[in-house]
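Chains as they are written, first to last, in our numbering: chain C, 1 to 435; chain R, 436 to 751; chain U, 752 to 1167. Each residue gets a CB set at the ideal place from its N, CA and C atoms; glycine is no exception. Since this is a predicted model, take the numbers as computed values, not measurements. Reading through the structure tokens given below for one structure.
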Amino acid sequence: MKAAPAPAAARPLAVADVARAGVLRRHGVWLAAAGLLIVLPWVVRTGAAVPIMNQMGIAIVFALSFNMLLGQGGMLSFGHAVYFGLGGFLAAHALNIAGRGGLYLPVPLLPLVGGLGGLAFAALFGTFSTSRAGTVFSMVSLAVAELMAASSLIFDRFFGGEEGITTNRAKAPLLFGLEFTRDRQVYYLIAFWVFVAAVAMYAFSRTPIGRIANAVRDNPERAEFVGYSQRRVRYISFCAAGLFAGVAGGLFALNYEILTAENMGLNASGAVLLMTYIGGIGAFVGPVFGAIIFTFLQSMLSDYTGMWLLYIGILFLATVMWAPVGLAGLMMLHAPAWRGRRLGRLAGPYLVAGGLGLVAAAGVIGLLEMVHTVLIAESSTGLKRLFWTTVNVRTVMPWLVFTALVAAGALGLRWAGPRAATAFAEANRPGPAQP
Amino acid sequence: MEQIVFFSILNGLVFGMLLFMLSSGLTLIFGMMGVLNFAHASFYMVGAYVAYTLGLRIGFWPALVLAPVLVGGLGALVERHGLRRVHRFGHVAELIFTFGVAIVIEEIVQLVWGRPAKSYQVPAALDFPLFHVFGSAFPAYKAFMLVVAVAMFVFIFLILTRTRAGLIIQASLTHPGMVAMLGHNVPRVFMIVFGIGCGLAALAGVIAGPVLGTFPGMAQVLGSVVFVVVVVGGLGSLSGAFVASLLIGVLQTFAVALNASVGNVLMGLGVPAGASAALHDIWKVTVAQVAPIMPYLLLVVVLMVRPAGLFGTRET
Amino acid sequence: MRTVSKLGMLAVVLALVGGLAAPAMPADPIKIAYIDPLSGPFAATGENGLNQFKYAAEAINKAGGVLGRQIEIVPFDNKVSPQESLIQLKKVIGDGIPFVFQGNSSGVAHAISDAVQKHNERNAGNRVLYLNYSAVDPALTNEKCHYWHFRFDAHADMKMAALTDVIATNKAIKKMYIIGQDYSFGKAVAEAAVSMLGKKRPDIQIVGNELHPIGKVKDFSPYVQKIVASGADAVITGNWGADMVALAKAANDGGLKVPFYTYYAASDGVTAAIGAAGVDRIRLVHETHPGNPDAPKALGDYITGYRKLHPQNDVNQPRINTGLNMLVLAIKKAGTVDVDKVAQALEGLEYTTLGGDQVIMRREDHQLQMPIYISVHTNKNIKYDLDASGFGLSLESKVDRDKATQPSTCKMQRPS
């Protein structure tokens, strides 16, 4: 594109030009994402930020792998953390052996071991887990999760009993002399693997097998008639998802240097379901959003309130009931508006509705927190830190204020909500931009 | 030896009947609506907590009656305003919804009652040993649990088979469309069944709270076992749930009582002693330690061999 | 515009006033982290522990704090999960808090100890000190010992030595049943019991050695059946928290009437659960005078003061007071909150506890050396009861500090 274009007859077919333009357009998102990952620790400089970003990275890979089952395969698993945990345990043991000199395994290659572990166990448990779809699949996944949780006390040497298995990434052999003693170094390693895993999972969803998995999700009978065995397709999806869950487990092992039976448990499986669904199961990038939001809420909120899981649960229920497409899905609903360059019109109504919504939410949160303080008598003086001020739950004033906030927000939404909805419909109307 | 067998059977029956109280509601709801209510054990927990709080004000016996009614009402509300809205998105969405409800209920319980366990006591009227045999006592309260569970089974059975409402419910189970065309409000029937199912779970909570502890994790402890019972017994089959609950209850209680190691059992089954080196960890572990995983092993086996369950007629 | 500029001026004035007032305000408090369960099956133990820490801190602050600063206890909930504890530890480090207290569950203690050692190795400028006030798996000051870990409670072997001495004198016991939680501490107790009984009373037959999953068993009646069926004359258990409450309840319900030799069968609901059925039968090995009979005055006043604030809870972990005060003393001695210097000062530090005992932090393994007390559950002559139940612990025997000491296999690597 740098040379001046020669006369049409002399110019060779400009396929390369088109391809070059295509690369930037097709893969621009990935390049931007890679750039963002590299730059992030410099942008966010607080001390506590890097550990949280590491946590997010692990959650992103885990959630993406879970979506291979739920979003792309239509299989709701309550035991996906089993493969995450097993991959992690295998990685931790491998790292310990490497530390003792028994194996050449530098830290950067650890997630591969985790992936292999996840794949092996998924291949094993998948033989009976994937024979049926739907509710039966979910129940089997639950049973496998409980089985593994209970087995952890029995297979002491692999699972380390109640204490779990610890490992030390500073003792492993070095690759290119790269050390991973500081959180920031670990961040770059995790960021690298997140990128690689995400690209791989995206590529998988684009392959024929990935597409057929979508078909089996939507209409298993018809897929069978077209010639694909739904059992086999589910099995392959399951193994692939287990592989990447294991990669996430390996990343976990190298970040936290400890694995316990809890990592395989129902809480971990429940968390990944929450984050994936909130983010949106219909879009590839949905779980990424969900993982980021969930990790952020979990780390930040838990410092301020003991009820962060309640808020996440309410958010989850709201998503299931009113926005089952999730956050990414909601964003995608605005695609026509984006293409028609009419997004700007939504800014106004959305800000108003959003602001009122926040007001109502603040009121609800305030009330819940105060109820909690009163009922549990956390503080004998009745003082509670809330929204950057301290309120006395024993006086009437805070209650009135928060109730007023809820009422104002709710009433305001009754007015602003339909306006936002109309604006949305207008903006998404197909056709040229209207003045 | 006889003492262990005797008490294991008794304790196993009590635990099994408790499981039945929980699973009966779940299997009814599933049979009716095709929804596997993940939050079922959460209503069990709410029942225990509500009964505890009511009991402090009005006494155990009034609470025994009032708490299930209140929680059943709550369940009906959840169905009406939540589940019904999600129904059109399919079974997976319903399952996800009930999962969310379970989380929210657990958090709300912690919000209202706090995190430490509540000391929900057995009522004084029942706090005595019923009989002594083989040097050990059997508490009267456990006998009471058995009585309530059996009474509940008889009650449900009679309602379902002998009353008009029960017949409508049974018909809605298999032919909801036809029942609707005959003029019955099928969604309302569903709501009532859901409410009753939750009420039964709450009743189980009221009874079991003093014995199994009243704490925010109590739903998770029993939740999975209840799913096993329902699936093993057959989704939608009440008698299947009954048999499966007793089976699993007795099996687990017996397993805890056995000191034999897995190695001994395997040897008894003919596996050579030389295998002990290869299976080192499993060999030395006692059957008692393995007890918690037995229901899940059973579930996996049943799902592979006969996915409809022991008495069930449908798989999904 | 008028309003805006008026507000703007007000803001400026306030800022100035605030800025000027700053030097007059006290310097920031020294933060001390508390990582223990505040939710989950062992929340009651963790919350009561936190209250005891806050109470001890208040007393220290009233006396002027240390180095001109107050101390502040910052709680972090770990739900007794090693996993969660490490996440909380990262927060603690991120918040710049240099001192961490933890005690509930040796499983968690292993994870934290390991993580602290790694962190301190890799981050010499940002070290953290781990103060273990209750996790008594002996391994933590033996094979897993390290310079940055200090333990303020007598470990399981020290306690078992005292307990087995008492058992040995009871000639009526011929069959012993051991039951415990399936993790490092429960296993350590069982091991120590078997080996020490084997030496002191080889004629006692161990008729049962049972481990159950920690925090998961709600109905102990099958286990009680087994104990009865085995014909045991006595039971040894290290169970604590919810597991001890449930075991005591089931033992009562099942009519089990043999003596229990325990580590934690008192308070946090256990004393109330045992009640009248356990009088003169349940024994406890612990680290401070139980308060009855004839409590030393300082201890008695401390308990009374705590009761006023928390009528439903007891001072069941006086070692918390010892640990916090010894840390403060070490900070005073070092003249700084720099972890390296405080650790140096804490090693070999001597202190007189509320109960009047002379304790010393042994250099070799950072295990506090202290006398050991054995008490019995009763309702006679109880001035300070537990669980507001009318029942409490009465002192039966005491093992002096020099007798209670145990050898260590610790090979500590000291920072140069």
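Residue i and residue j closer than 9 angstroms at C-beta
| i | j | result |
| --- | --- | --- |
| C/Tyr277 | R/Ile683 | no |
| U/Asp1180 | U/Ala905 | A query on residue 1180 of chain U cannot be resolved here, the shown segment of chain U reaching from 752 to 1167 and no further. |
| U/Asp1091 | U/Pro1166 | yes |
| C/Leu317 | R/Gly549 | no |
| C/Gly85 | C/Gly270 | no |
| C/Ala63 | C/Val393 | no |
| U/Lys805 | U/Ile824 | yes |
| C/Leu95 | C/Leu254 | yes |
| R/Tyr555 | R/Gly644 | yes |
| U/Gln853 | U/Asp787 | yes |
| U/Gly959 | U/Ser981 | yes |
| C/His372 | R/Leu491 | no |
Assigned secondary structure, residue i (DSSP; H/G/I helix, E/B strand, else coil)
| i | result |
| --- | --- |
| U/Ala762 | For U/Ala762, the pLDDT reaches just 45, beneath the cut-off of 50, and the residue's location in the model is therefore unreliable, although a value from the coordinates is still provided. It is helical. |
| U/Lys782 | strand |
| U/Tyr928 | strand |
| U/Arg753 | Low local confidence applies: a pLDDT of 48 at U/Arg753 is under 50, so the model's placement there is unreliable, with the coordinate-based value given in what follows. Looking at U/Arg753 - three-state DSSP - the assignment turns out to be helix. |
| R/Asn472 | coil |
| U/Arg820 | strand |
| U/Ala773 | Its pLDDT being 41, under 50, U/Ala773 is placed unreliably in this model, and the value from its coordinates should be taken loosely. DSSP places U/Ala773 in helix when its eight states are reduced to three. |
| U/Glu809 | helix |
| U/Asn960 | strand |
| C/Gln230 | helix |
| U/Glu1101 | strand |
| C/Ala416 | helix |
| C/Thr135 | helix |
| U/Thr1013 | strand |
| U/Lys1162 | coil |
| R/Gln545 | helix |
| U/Val986 | strand |
| U/Thr1156 | coil |
| C/Pro173 | coil |
Identity of the residues DSSP links to residue i by a beta bridge
| i | result |
| --- | --- |
| U/Asn1168 | Shown here, chain U extends from 752 to 1167; a query on residue 1168 of chain U therefore has no answer. |
| C/Arg385 | C/Thr390 |
| U/Ser1126 | U/Leu1035 and U/Leu1146 |
| R/His567 | R/Ala572 |
| U/Thr920 | Answer by DSSP bridge pairing: none, since U/Thr920 is not bridged. |
Within-9 angstroms CB hit, residue i to chain A
| i | result |
| --- | --- |
| C/Ser138 | Judged by its chain identifiers, the structure shown contains no chain A, and its protein chains are C, R and U. |
Contact the segment 56-70 of chain C vs the segment 190-200 of chain C: 3+ CB pairs below 8 angstroms: yes
Check whether the segment 32-40 of chain C and the segment 173-181 of chain C are in contact - that is, three or more C-beta pairs closer than 8 angstroms. no
Give, in chain order, every residue of the segment 1133-1165 of chain U whose Cβ lies closer than 7 angstroms to some Cβ of chain C. none
Pairing CB atoms from the segment 416-433 of chain C with CB atoms from the segment 332-343 of chain C, are three or more of them under 8 angstroms? yes
Say whether the segment 1025-1037 of chain U touches the segment 928-944 of chain U, bearing in mind that this needs 3 or more beta-carbon pairs closer than 8 angstroms, one atom from each stretch. no
Could you tell me whether the segment 968-981 of chain U touches the segment 904-920 of chain U, where touching means 3 or more Cβ pairs closer than 8 angstroms? no
Below 8 angstroms between beta carbons is the criterion; list the residues of the segment 160-185 of chain C that meet it against any residue of chain U, in chain order. Gly161, Glu162, Glu163, Gly164, Thr166, Asn168, Ala170, Thr181 and Arg182
If you measure beta-carbon to beta-carbon, which residues of the segment 967-992 of chain U are closer than 8 angstroms to chain R? Lys967, Lys969, Asp970, Ser972, Pro973, Tyr974, Val975, Gln976, Lys977, Val979 and Ala980
Tell me which residues of the segment 925-959 of chain U have at least one Cβ-Cβ distance to chain R shorter than 8 angstroms, keeping chain order. Asp933 and Gly959
At a CB distance below 8 angstroms, what residues from the segment 786-816 of chain U approach chain R? Give them in sequence order. Leu789, Ser790, Gly791, Pro792, Ala794, Ala795 and Glu798
Taking 8 angstroms as the threshold, find out whether the segment 852-872 of chain U comes into contact with the segment 252-260 of chain C through three or more Cβ pairs. yes
Does the segment 673-689 of chain R come close enough to the segment 518-528 of chain R to have 3 or more Cβ pairs within less than 8 angstroms? no
Under 8 angstroms: do the segment 476-484 of chain R and the segment 627-639 of chain R share three or more Cβ pairs, one atom per stretch? yes
How do the segment 731-751 of chain R and the segment 653-668 of chain R stand: do at least 3 beta-carbon pairs fall below 8 angstroms, yes or no? yes
Within the chosen definition, does the segment 45-53 of chain C reach the segment 210-229 of chain C through at least 3 CB pairs nearer than 8 angstroms? no
The segment 442-465 of chain R: which residues have C-beta closer than 8 angstroms to a C-beta of chain C, in chain order? none
Three Cβ pairs or more, each shorter than 8 angstroms: is that satisfied between the segment 620-628 of chain R and the segment 440-448 of chain R? no
Please list, in chain order, the residues of the segment 1017-1034 of chain U that have any C-beta partner in chain R closer than 9 angstroms. Gly1020, Ala1023 and Ala1024
Pairing CB atoms from the segment 101-118 of chain C with CB atoms from the segment 237-249 of chain C, are three or more of them under 8 angstroms? yes
Between the segment 566-577 of chain R and chain U, which residues of the former have a C-beta closer than 7 angstroms to a C-beta of the latter? His567, Gly570, Ser571, Ala572 and Pro574
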